[in-house]
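Trainee: Okay, so the sequence shown: first residue is 7 according to the numbering used here, each after it adds one.
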Amino acid sequence: MNALVDSVSPDLRAVSAWVSRLRQSEGAEAAHLALQALCQRYPANASLAELSQWNDPLWWQPFRFGGIRLERRGPEHFDFVWSVVQNREFARRLKQVPAELTASELMDTLNQDVVSLIPERQTIQWIVFREDVPIGLSMFVNINFKNRTAEQIMGVLPGFDVSFLVGDAYCASLLFAFNCLGLNKVQGLIYASNESIALQQERLGFRREGILRQAIWDIEFEQYKDLVQIALLREEFVTNRVLQRHIRRQAHDAVLDIARSVSRAPLSQAPG
7 MNALVDSVSP DLRAVSAWVS RLRQSEGAEA AHLALQALCQ RYPANASLAE LSQWNDPLWW
67 QPFRFGGIRL ERRGPEHFDF VWSVVQNREF ARRLKQVPAE LTASELMDTL NQDVVSLIPE
127 RQTIQWIVFR EDVPIGLSMF VNINFKNRTA EQIMGVLPGF DVSFLVGDAY CASLLFAFNC
187 LGLNKVQGLI YASNESIALQ QERLGFRREG ILRQAIWDIE FEQYKDLVQI ALLREEFVTN
247 RVLQRHIRRQ AHDAVLDIAR SVSRAPLSQA PG
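Dropping the structure here:
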């Protein structure tokens with residue numbers, strides 16, 4: 007710590023690695039406070055200030071919305087995520103859970119998920135909980151901060167995929183995307199054969215933008231699959247009566263309603 011503080015201009019890579027270790031050992035709040043102290047010592051260092059922004063405990067804290075809770079994915083969720091990997095029918099719908107994934111590879115991924123900053127991996131992934139029971143996954147992948155876009159992938163297990171729980175999970179995720187991450191467009195890619203999911207998302211305000219023919223190779227069935235591309239713009243989200251009525255009616259964490267300003271080139275000078 008002293009070497010970092012005493013330097014004329016702190017090495018951002020060293021600071022980022024130090025904060026990551028501190029976050030693992032003492033938690034997000036302690037790591038952020040230590041980084042804020044460093045920012046106060048070097049107030050003109052814009053890169054350090056931006057690193058502090060992406061180390062805000064906001065990015066690791068759970069969010070409550072209605073009947074569900076989103077909890078950022080980490081190694082403590084291994085058993086549930088591994089059960090999803092083994093449930094091939096369900097996992098196939100998510101596209102982000104490869105069939106050949108091993109247990110050790112999954113644990114490595116979960117360990118990286120919990121320490122990485124969002125701009126480093128261009129993704130954030132949560133476990134969806136109903137009370138203390140994990141019931142699904144929600145994630146944004148391929149986050150493009152320059153274009154303010156991301157792909158949303160979400161799946162709720164059969165038996166829990168009732169309309170109000172699915173609606174809660176979608177609204178919580180979309181509030182995070184458009185407000186916390188400052189996105190302008192959320193996209194989805196759905197197997198063309200999964201028409202029910204496409205219709206469900208259309209009811210939530212998403213619009214079909216086209217079909218990507220033979221866009222993905224299905225390793226299990228050894229054939230190409232078509233994908234339906236859907237999307238929701240920020241302006242459509244804030245004016246959608248169904249979504250906004252649901253948001254107003256359901257109790258949720260106030261932080262989801264706060265719009266944040268995010269750089270179009272985050273951590274461009276930090277390790278990535």
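Each residue gets a CB set at the ideal place from its N, CA and C atoms; glycine is no exception.
Only counting the same chain, and skipping five residues up and downstream in sequence, which positions put a Cβ closer than 6 Å to that of phenylalanine 184?
Mentor: The answer, listed in chain order, is Arg240 and Phe243.
Trainee: Could you give the distance in angstroms between the alpha-carbon of tyrosine 176 and the alpha-carbon of serine 15?
Mentor: Distance between the alpha carbons of tyrosine 176 and serine 15: 43 Å.
Trainee: Grab me the residues of aspartate 62's own chain with a C-beta within less than 7 Å of its C-beta, minus the 5 sequence neighbours each way, in chain order.
Mentor: Cβ within range, chain order: His38.
Trainee: Please classify leucine 41 as buried or exposed, where buried requires at least 16 other C-beta atoms within 10 Å of its C-beta.
Mentor: Leucine 41 should be labelled buried.
Trainee: Should glutamine 30 be counted as a contact of the ligand FAD given a C-beta to heavy atom distance under 7 Å?
Mentor: No copy of the ligand FAD appears in this structure; indeed no ligand is present at all.
Trainee: Can you say whether phenylalanine 170 is buried or exposed, counting buried as having 16 or more other CB atoms within 10 angstroms of its CB?
Mentor: It counts as exposed.
Trainee: Between isoleucine 5 and alanine 198, is the Cβ-Cβ spacing less than 8 Å?
Mentor: Here the chain covers residues 7 to 278 and nothing more, so residue 5 does not appear.
Trainee: Roughly how many angstroms separate the alpha carbons of leucine 249 and glutamate 215, rounded to a whole number?
Mentor: One C-alpha to the other measures close to 20 Å.
Trainee: How about leucine 210 and leucine 262: are their beta carbons less than 8 Å apart?
Mentor: No, Cβ-Cβ distance for leucine 210 and leucine 262 is not below 8 Å.
Trainee: Assess, as a yes-or-no matter, whether the stretch 110-126 is touched by the stretch 153-165 under the definition of 3 or more beta carbon pairs within less than 8 Å.
Mentor: At 8 Å Cβ cutoff, the stretches do not touch.
Trainee: Check the DSSP bridge columns for asparagine 150 and list the partner residues they point to.
Mentor: The partner list for asparagine 150 (beta bridge, DSSP) reads Thr155.
Trainee: Rounded to the nearest angstrom, what separates glutamate 137 and tyrosine 48 at their Cα positions?
Mentor: Approximately 43 Å, taken between the alpha carbons.
Trainee: Please report the distance separating the alpha-carbon of arginine 98 from that of proline 104.
Mentor: Straight-line Cα distance between these residues: approximately 8 Å.
Trainee: In the DSSP assignment, find the beta strand (DSSP E) that holds tryptophan 223 and state where it starts and stops.
Mentor: That run of the beta strand (DSSP E) goes 213-224.
Trainee: Tell whether a beta-carbon distance below 8 Å holds between isoleucine 2 and alanine 178.
Mentor: No statement about residue 2 is possible, as the shown extent of the chain runs from 7 to 278 and does not include it.
Trainee: Which residues in the same chain as proline 140 place their Cβ atom closer than 8 Å to its Cβ, once the five residues preceding and following it in sequence are excluded?
Mentor: Contacts found: His83, Phe86, Ile133 and Val134.
Trainee: Would you list, in sequence order, the uninterrupted beta strand (DSSP E) runs of no fewer than 3 residues that lie entirely inside the stretch 64-152?
Mentor: For the stretch 64-152, whole beta strand (DSSP E) runs of length 3 or above, ordered along the chain, are 69-71, 74-78, 130-136 and 139-150.
Trainee: Check whether the Cβ atoms of alanine 34 and tryptophan 66 lie closer than 8 Å to each other.
Mentor: In this structure, tryptophan 66 lies closer than 8 Å to alanine 34 by Cβ.
Trainee: Determine whether the beta carbon atoms of alanine 152 and arginine 254 lie at a separation below 8 Å.
Mentor: Reading off the sequence shown, one finds lysine at residue 152, where the question assumed alanine. Cβ distance not < 8 Å, so lysine 152 and arginine 254 don't count as in contact.
Trainee: Under 8 Å by Cβ, that's how I've got methionine 72 and aspartate 167 pegged, so tell me the actual separation to the nearest angstrom.
Mentor: The sequence shown places glycine at residue 72, not methionine. Incorrect: roughly 15 Å between the Cβ atoms, too far for contact.
Trainee: Taking the straight line between their C-alpha atoms, what separation do you get for alanine 109 and tryptophan 88?
Mentor: Approximately 7 Å, taken between the alpha carbons.
Trainee: Which of the three DSSP states, helix, strand or coil, is assigned to alanine 20?
Mentor: DSSP places alanine 20 in helix when its eight states are reduced to three.
Trainee: Between which two residues does the alpha helix (DSSP H) harbouring glutamine 250 extend?
Mentor: Note, glutamine 250: alpha helix (DSSP H), 247-255.
Trainee: Going by other Cβ atoms of all chains shown within 10 Å of its Cβ, with 16 needed for buried, is serine 274 buried or exposed?
Mentor: Flag for serine 274 reads exposed.
Trainee: Once the 5 residues before and after arginine 78 are set aside, which same chain residues still bring their CB inside 6 Å of it?
Mentor: Closer than 6 Å at the Cβ level, and outside the excluded window around arginine 78, lie Trp66 and Trp132.
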